[in-house]
Structures are given as C-alpha cells and as structure tokens.
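Residue numbers (UniProt numbering): 1 to 309. Yeah, the Cβ is synthetic: ideal placement off N, Cα and C, and Gly gets one too. One structure is given here, and the rest of the page talks about it.
This is the structure:
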C-alpha cells in the first residue's frame, strides 16, 4: 500500500489516531530497510535481549525466524514512562500551509503527527504517556498515564493544536522547559519537539533549561524541527522580498543572495553550539527536516527505547 496515496484521500488530522496508526504500520512494513530488520510487528510484545539477562523468557520461535534474540513482554509490564513536549509558538507554523498533506507539512504539523505516531507505539506497548504544550504560556500539561481514556484525550488535544494557528508574538522556551522539568518527578523518557527559536537571544538560559530536563535521571531526545530548504539553506530566488518575523512581526526588505552566506553561517553555528551542548548534557540531538518522512523520529525512538529499558 502506498501510504501517502492512501492518506491523501482524506483530509489530514480528521482522525489523528487512525492517521498515526497508518504511519506506524507503514514504518513497520518498511522496517527491513532499517537496523531493526526482523523486529516487524512483534516489536510491541518483545524487547531485544541484552547479554547477562535471564534466558528464561527468550522467544526461541522468533529467534528461528529472525536470527536475533528477543525476550517476551508481559501484559502487566509498564516499564516506560514517556513525556512529550511540543513547542506551539508562532514560528512552529512556518512554512505557511493552506492544506496539510504528508508531503506538505509545517513544523507544528510534523510535530503533532510525530507525537501521535509515538503515542500509538507506546499505546500498543501499554506504556504511560504524558504531554506538555507551550507557546507564550504553559498551555497544557498532562502527567503520564496509559488508560484508553487518557490516550483519547491526548489525541483530541493534539488535533486541536493542529487545527488552530497560534499567533502569539513572544516565546521564552527556557521558562516553560524549567516548569515542565519540575512537574516530571519519576524517571521518564522525554521527547522535545521544537525549532529552538525564541524571541529573546539568551542561548545560555535555553541551554540550562535543556539541562534541567535531565534531572531525576530522565533520558531526553531533542527533535530539532526545521524547514531545511529555507531556514537552514536560505534557498530563495533572488527577487526582492519582504521577510517577516513570524513571532515579532518585524519586517525587512532585501535580496536573498545579499545575506544568504552570512545567514547560513550564523544558523549553522547556532546548530553546532546546540549539538555540542546536547552532547555535553547527554541529550540525544536529532535534526529533522519537516519535508522528510517520519522514519527518523520512529527509528530514534526505538533506539532510545532499548537504551532506557
């Protein structure tokens, strides 16, 4: 089945849970191309065997099919608490999208679908999920639970975010990351979806807030969402254009080629500094082009999931 073709027949986000499930199923069907060959549909009920563990629960039938060792999971096992954090500031609505499709997403659309897909995997594995959303305020928080009612509430909230553009003009990401860190008490796997843009250029405060997320032995993965073509490469034609800051509203008229080199150098240096800080704080950094598919997000999840277990 062509996933993109199937999903293009319906308006995106009408049924977020179904859409997320199709993304996950599409990922699993193509998993032979990834490092998880043989993990396929069984991944929800099995964990990779680590040397030194008891061999009591190894699934030898699965070993015969895949030539890899997995241990069986049990229904009462809920050994993962996962908290999703979504930046809902105005810059996340770039590029402007009139009608969403899987091949036409902005940063908020990519973030919402990624979180929904991860939630679908976690739901299958009976793990607990929490969600925080911030913009110019701490918009929403729900602690980690694994009930069906809880998942439906989270899908509803994500659908609401995807359907209503946020026009806030101020973002202090570091303020809300500190507040979120204070609310996550038990050891969790934390996923942060953000473009790391804020109206104030206090990078050190932002990096310290990232560090705070690591407290209480949490594992943190930063999905740095960008429109690579425009936000990294500044790839515009050289006709005169008016560029508008989506958060502050400030405007500037210029030819793209006149600043392309300086702009790219500054953005790439910021990205380099961010990667170095993440490495220093033992945060997994994943740079994501929102024009790509979701396999990078799901692959990163599966790797971190195995490390966390």
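The straight-line gap separating the alpha-carbon atoms of residue 268 and residue 295 is approximately 24 Å. Rounded to the nearest angstrom, the gap between the Cα atoms of residue 56 and residue 81 is 25 Å. When Cβ pairs closer than 8 Å are counted between the two stretches, the segment 173-186 is seen to touch the segment 122-139, the count reaching three or more.
Secondary structure note for residue 303: its alpha helix (DSSP H) is the uninterrupted segment 295-308. Excluding sequence positions up to five before and after residue 191, its CB lies within less than 6 Å of the CB of 84 and 221, all in the same chain and listed in chain order. Residue burial is scored here from C-beta neighbours: residue 252 has fewer than 16 other C-beta atoms within 10 angstroms and is therefore classed as exposed. Residue 210 and residue 53 have their C-alpha atoms roughly 33 Å apart. An exposed status is given to residue 152, since fewer than 16 other beta-carbon atoms sit within 10 Å of its beta-carbon. When the five nearest sequence neighbours on each side are left out, the beta carbons in the same chain lying within less than 6 Å of the beta carbon of residue 130 are those of 83, 142, 143 and 144, in order along the chain. Taking the Cα positions, residue 148 is about 11 Å away from residue 128. In this structure, the straight-line span from the alpha carbon of residue 230 to that of residue 125 is close to 38 Å. Pairing residue 24 with residue 162, the inter-Cα distance amounts to about 19 Å.
In this structure, residue 107 and residue 232 do not form a Cβ contact; the two beta carbons are roughly 13 Å apart against a cut-off of 8 Å. By the CB criterion at 8 Å, residue 274 and residue 263 fall outside the cutoff.
When DSSP assignments are scanned along the segment 183-235, the uninterrupted stretches of beta strand (DSSP E) that are 3 or more residues long and fall wholly within it turn out to be 189-194 and 219-226. Straight across, the Cα-Cα distance linking residue 171 with residue 18 is about 32 Å. Apart from sequence neighbours up to five positions away, the residues of its chain that approach residue 308 with a beta-carbon distance below 6 Å are 189 and 219, ordered along the chain. Around the beta carbon of residue 187, fewer than 16 other beta carbons sit within 10 angstroms, so the residue counts as exposed.
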